[in-house]
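Peer 1: Pasting in a structure now, in structure tokens, and then I'll have a few things to ask.
Protein chains in written order, with our numbering: chain X, 862 to 1227; chain C, 11 to 406.
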């Protein structure tokens, strides 16, 4: 009997494996998609090479004045020359280290919150809530510990953006919690109504009118003779506005807690505040951290609006620089730079929030 | 049994403060009084301060002559009109840009959202890039970019970018043909109205018949036929009473046509691009929220792909999409107030800007402006809640 010699396996059709197979299944599976791919390729061809050419290959990087920009591409010299005002505003140059220190300390205080093994996150977060505004005040405004006083009108640039967003969020959090609890208080219709009216009012009006109101009407509201700093007025407006949005996010968390948790806490004889503080809020706040990050991103982008009432955060600084007669005509460079700054911040925060969402999604996966 | 009844009762009577109902009442009274007191204090301060600065209260200033001109107005307006009229002009401009923005943002959003779900790798990635870029850049920055870097840096009228001699894009804005309705167009308009009403009744009748007898009716084709056919017949019979006023280059600018000022052009572009990115995400998550079993079941029933989409996926996806879509529309309407930053004459720029500065009536002007946005928000959300209730799953 002849031996059976198996012939070797045939290779799979070359069009279904390897790079060619990938291209076929993902780019040209059928006539319609092939046309779409070709159109998309054409779009990429139209936009990408000129953009790279302009921003990188043909750009001018070094120099001090507009004479250095000759090659016809982007003039990053402009951004470079104005970088200090974009980052520090009109802060006196001798005080730049204070702003840098503020950045550094803030990051140092925030990092442990993202370390999985760190156990005292809640305590640190609570300390941050109080310490951060204090730190901002001491380092930025000065006047104590031998630091020279800096008027708030000299604050500006990216540091002002970050301060406005951070303080707005930190100050809005406690108000938001109270408002959300008030809105959930079904046994107290009067309190509930007031909270609903407050929340819906601030959510219904654009931030720009809130800023107008805080800059024009706030001085009228207060007793004669009390005057507020322009920055503080903007912060009050932003806080009121943000607390309404925060309240709605937190309310989502409160509603997501199963009724059994409330009933169990009641059955154990806990008082309202103990029930809320020890049982409900820890669970609710954990659920809504991604939501809070998302409102923070929205607020971060909205801080650009303070330009309307004359505060110059980073976009305001760029806008001012564009009106400098020495640098007329470089608006695209200025805006692209600002966009890149905002994009990096917002994109990394939204990615962080997505990762957090995945990590916090424990136990109740279906 | 010899215990004095009176003593026993007082011992058992708990403190009123431990009664949740009494406590709730007490707390509410305290809260209400505090808030009322605070508001009284604010109002009192305001009245005092205004009296000090010699500002008169009340809305009488609305009847005074405004004396400033406005860049764009949908109603007749010049310097001799009143401050009240500036409010109307601003409001209409706000509504115009919001309406245009919502229209284009919806188109952009649905297109990109569907593209984001495409199996075509390149299309999918392009849609994702679009969403991630435009969602993460502040709207005001985008408005500045489209206005200061693009719209006013476009070539002048003589070198305008033109689309087959019909539309012109230059630093004076966008000029497009304007429809001119001649005498007799009213009949076509009536025909459109009649066709719409007829189609609504037809759809109801067809659905009732299908539910009663099971016989299908080609509602879509018949409706399309009526919607386009009837006005077309009326249009031709009355002698095509519509012509187009095409913009022409004359002197240093264009004459004729419909002029879209650069401010409106940039603002609409920025609002649609920005909100479109958010709507795209809404659409994507809505379609993904439809369980895969639904599509599979439709396939198993032998439904065609287009029917699966139209009858199974879209109705269920809309249910998820509509609430967040509403809030995107609301955001767009509120964001249109950023117009003030580039000088588009919307409500905030005209009324809360120039009018406020000229009259000094801060409290009245800001209150009216806020009231307008609040009303707009409430109207849109009431309408969308109504629509949502109709679309929502009816559980038994």
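Yeah, the Cβ is synthetic: ideal placement off N, Cα and C, and Gly gets one too.
Using 8 Å as the limit for Cβ to Cβ distance, is residue 1047/X near chain C?
Peer 2: As a working note, residue 1047/X is residue 186 in the first chain. Chain C contact via Cβ: absent.
Peer 1: Compare the Cα-Cα distances from residue 295/C to each of 324/C, 303/C, 109/C and report the closest residue.
Peer 2: Indexing the second chain from 1 puts residue 295/C at position 285. Nearest option by C-alpha distance: 324/C.
Peer 1: Which same chain residues end up closer than 7 Å to residue 179/C when comparing Cβ atoms and leaving out the 5 residues on each side of it in sequence?
Peer 2: One-based indexing of the second chain puts residue 179/C at position 169. 164, 170, 171, listed in sequence order.
Peer 1: Taking the alpha-carbon positions, what's the residue 971/X to residue 882/X distance?
Peer 2: Taking the first chain and counting its residues from 1, the one referred to as residue 971/X is at position 110. Taking the first chain and counting its residues from 1, the one referred to as residue 882/X is at position 21. Taking the straight line joining both Cα atoms gives about 47 Å.
Peer 1: Could you say which of 889/X, 1066/X, 1194/X lies nearest to residue 154/C if we only look at CA atoms?
Peer 2: In the second chain, residue 154/C corresponds to position 144, counting from 1. Of the candidates 889/X, 1066/X, 1194/X, the one whose C-alpha sits nearest the C-alpha of residue 154/C is 1194/X.
Peer 1: Which class does residue 314/C belong to by DSSP, given the choice of helix, strand or coil?
Peer 2: For the purposes of this step, residue 314/C is taken as the residue at position 304 of the second chain. It is coil, neither helix nor strand.
Peer 1: Using the Cα positions of residue 937/X and residue 388/C, report the straight-line distance between them to the nearest angstrom.
Peer 2: On the first chain, residue 937/X is found 76 positions in, with the first residue counted as 1. On the second chain, residue 388/C is found 378 positions in, with the first residue counted as 1. Taking the straight line from one Cα to the other gives about 46 Å.
Peer 1: How many angstroms separate the CA atom of residue 54/C from the CA atom of residue 374/C?
Peer 2: As a position in the second chain, residue 54/C is number 44, starting the count at 1. As a position in the second chain, residue 374/C is number 364, starting the count at 1. So the two alpha carbons sit approximately 15 Å from each other.
Peer 1: So residue 365/C and residue 93/C are supposed to be a Cβ contact under 8 Å. How far apart are they, rounded?
Peer 2: To locate residue 365/C, count along the second chain from 1; it is residue 355. To locate residue 93/C, count along the second chain from 1; it is residue 83. That belief holds up - the Cβ atoms of residue 365/C and residue 93/C are roughly 5 Å apart, short of 8 Å.
Peer 1: Could you tell me whether the Cβ atoms of residue 1153/X and residue 1110/X are closer together than 8 Å?
Peer 2: In the first chain, counting from the first residue as 1, residue 1153/X sits at position 292. In the first chain, counting from the first residue as 1, residue 1110/X sits at position 249. For residue 1153/X and residue 1110/X, yes; Cβs fall inside 8 Å.
Peer 1: Does any residue of chain X have a CB that is nearer than 8 Å to the CB of residue 34/C?
Peer 2: On the second chain, position 24 is the one that residue 34/C refers to. For residue 34/C, the answer is yes, since a Cβ of chain X falls inside 8 Å of its Cβ.
Peer 1: On the CB-based measure, 16 or more other CB atoms within 10 Å of its CB, does residue 123/C come out buried or exposed?
Peer 2: In the second chain, counting from the first residue as 1, residue 123/C sits at position 113. So residue 123/C ends up on the buried side.
Peer 1: State the CB to CB distance for the pair residue 156/C and residue 287/C, rounded to an integer number of angstroms; the pair is presumed to be in contact (CB under 8 Å).
Peer 2: As a position in the second chain, residue 156/C is number 146, starting the count at 1. As a position in the second chain, residue 287/C is number 277, starting the count at 1. Not a contact, Cβ separation roughly 14 Å.
Peer 1: For the candidate residues 205/C, 190/C, 253/C, whose alpha-carbon lies nearest to that of residue 232/C?
Peer 2: Numbered from its first residue, the second chain carries residue 232/C at position 222. Residue 205/C is the option with its Cα nearest to residue 232/C.
Peer 1: Between the segment 1065-1082 of chain X and chain C, which residues of the former have a C-beta closer than 7 Å to a C-beta of the latter?
Peer 2: Cβ contacts with chain C come from 1065, 1066, 1067, 1069, 1070, 1073, 1074, 1077, 1078, 1081, 1082.
Peer 1: So which residues on chain X does residue 347/C lean against when the C-beta distance must stay under 8 Å?
Peer 2: Position 337 of the second chain holds residue 347/C. Correct list: 1067, 1069, 1070.
Peer 1: With a CB to CB cut of under 8 Å and the five nearest residues on each side skipped, what residues in its chain are close to residue 1137/X?
Peer 2: Residue 1137/X sits at position 276 when you count from the first residue of the first chain. Hits under 8 Å: 1042.
Peer 1: Measure the alpha-carbon distance for residue 67/C versus residue 91/C and round it to whole angstroms.
Peer 2: Counting from one through the second chain, the residue named residue 67/C turns up at place 57. Counting from one through the second chain, the residue named residue 91/C turns up at place 81. Taking the straight line from one Cα to the other gives about 21 Å.
Peer 1: Are the beta-carbon atoms belonging to residue 997/X and residue 963/X less than 8 Å from one another?
Peer 2: Within the first chain, numbered from 1, the residue matching residue 997/X stands at position 136. Within the first chain, numbered from 1, the residue matching residue 963/X stands at position 102. Yes.
Peer 1: Determine the DSSP secondary structure at residue 306/C, reduced to helix, strand or coil.
Peer 2: Translated into positions along the second chain, residue 306/C becomes position 296. Helix at residue 306/C.
Peer 1: Tell me which residues share the same chain as residue 1104/X and place their Cβ nearer than 7 Å to its Cβ, disregarding the 5 neighbours each side in the sequence.
Peer 2: As a first step, residue 1104/X is located in the first chain; it is residue number 243 there, counting from the start. Cβ within range, chain order: 1033, 1036, 1037, 1040.
Peer 1: Of the choices 330/C, 89/C, 245/C, 143/C, whose alpha-carbon is the least far from that of residue 299/C?
Peer 2: Stepping through the second chain from its first residue, residue 299/C is reached at position 289. Of the listed residues, the one whose Cα sits closest to residue 299/C is 330/C.
Peer 1: Taking Cβ-Cβ distances shorter than 7 Å, what residues in chain X pair up with residue 379/C?
Peer 2: In the second chain, the residue the question calls residue 379/C occupies position 369. Per Cβ cutoff of 7 Å: 1070.
Peer 1: By the 9 Å beta-carbon criterion, what residues does the segment 145-168 of chain C contribute toward chain X?
Peer 2: Going along the segment 145-168 of chain C in chain order, one finds 145, 146, 147, 148, 149, 150, 151, 152, 154, 155, 158, 159, 160, 163 with a Cβ nearer than 9 Å to chain X.
Peer 1: Under three-state DSSP, which class holds residue 210/C?
Peer 2: Here residue 210/C is taken as the residue at index 200 of the second chain, counted from 1. Here residue 210/C sits in helix by DSSP.
Peer 1: List the residues of chain X that residue 372/C touches, going by C-beta distances under 8 Å, in chain order.
Peer 2: For this step, residue 372/C is matched to residue 362 along the second chain. The answer, in chain order, is 1077, 1078, 1081.
Peer 1: Run down chain C in chain order and give the residues with a C-beta less than 8 Å from the C-beta of residue 1129/X.
Peer 2: Within the first chain, numbered from 1, the residue matching residue 1129/X stands at position 268. Those do not exist, as residue 1129/X stays about 16 Å from chain C at its closest Cβ, beyond 8 Å.
Peer 1: Based on the DSSP secondary-structure assignment, which residues constitute the bridge partners of residue 921/X?
Peer 2: Along the first chain, read from residue 1 onward, the residue named residue 921/X stands at position 60. Residue 921/X is bridged to 936/X.
Peer 1: Please report how far the alpha carbon of residue 1220/X lies from the alpha carbon of residue 1207/X, in whole angstroms.
Peer 2: Reading the first chain from its first residue, position 359 is the one you call residue 1220/X. Reading the first chain from its first residue, position 346 is the one you call residue 1207/X. Whole-angstrom Cα-Cα distance: 20 Å.
Peer 1: Can you give me the C-alpha to C-alpha distance between residue 1226/X and residue 1147/X, rounded to a whole angstrom?
Peer 2: Locating residue 1226/X in the first chain gives position 365, where the first residue counts as 1. Locating residue 1147/X in the first chain gives position 286, where the first residue counts as 1. Note that residue 1226/X scores a pLDDT of 45, beneath 50, so its modelled location is shaky; the value from the coordinates is reported in the next line. Looking at the two C-alpha atoms, the distance is approximately 16 Å.
Peer 1: Provide the residue(s) that pair with residue 1174/X in DSSP beta bridges, ordered along the chain.
Peer 2: As a working note, residue 1174/X is residue 313 in the first chain. 1018/X.
Peer 1: Pull the bridge partners of residue 189/C from the DSSP assignment, please.
Peer 2: Position 179 of the second chain, counted from the first residue, corresponds to residue 189/C. In DSSP, residue 189/C forms a bridge with 254/C.
Peer 1: Quick check on residue 235/C: does DSSP put it in helix, strand or coil?
Peer 2: As a first step, residue 235/C is located in the second chain; it is residue number 225 there, counting from the start. Of the three classes helix, strand and coil, the one that applies to residue 235/C here is helix, per DSSP.
Peer 1: Distance cutoff 8 Å, beta carbons only. Does residue 26/C sit that close to anything in chain X?
Peer 2: In the second chain, counting from the first residue as 1, residue 26/C sits at position 16. It does not; no Cβ of chain X falls within 8 Å.
Peer 1: From the DSSP output, in three-state form, read off residue 394/C for me.
Peer 2: Sequence index remark: in the second chain, residue 394/C carries index 384 (1-based). In the structure shown, residue 394/C sits in a helix (DSSP, three-state: H, G or I).
Peer 1: Would you kindly work out how many angstroms separate the C-alpha atoms of residue 100/C and residue 351/C, rounded to a whole number?
Peer 2: Counting from one through the second chain, the residue named residue 100/C turns up at place 90. Counting from one through the second chain, the residue named residue 351/C turns up at place 341. Each residue's alpha carbon lies about 15 Å from the other.
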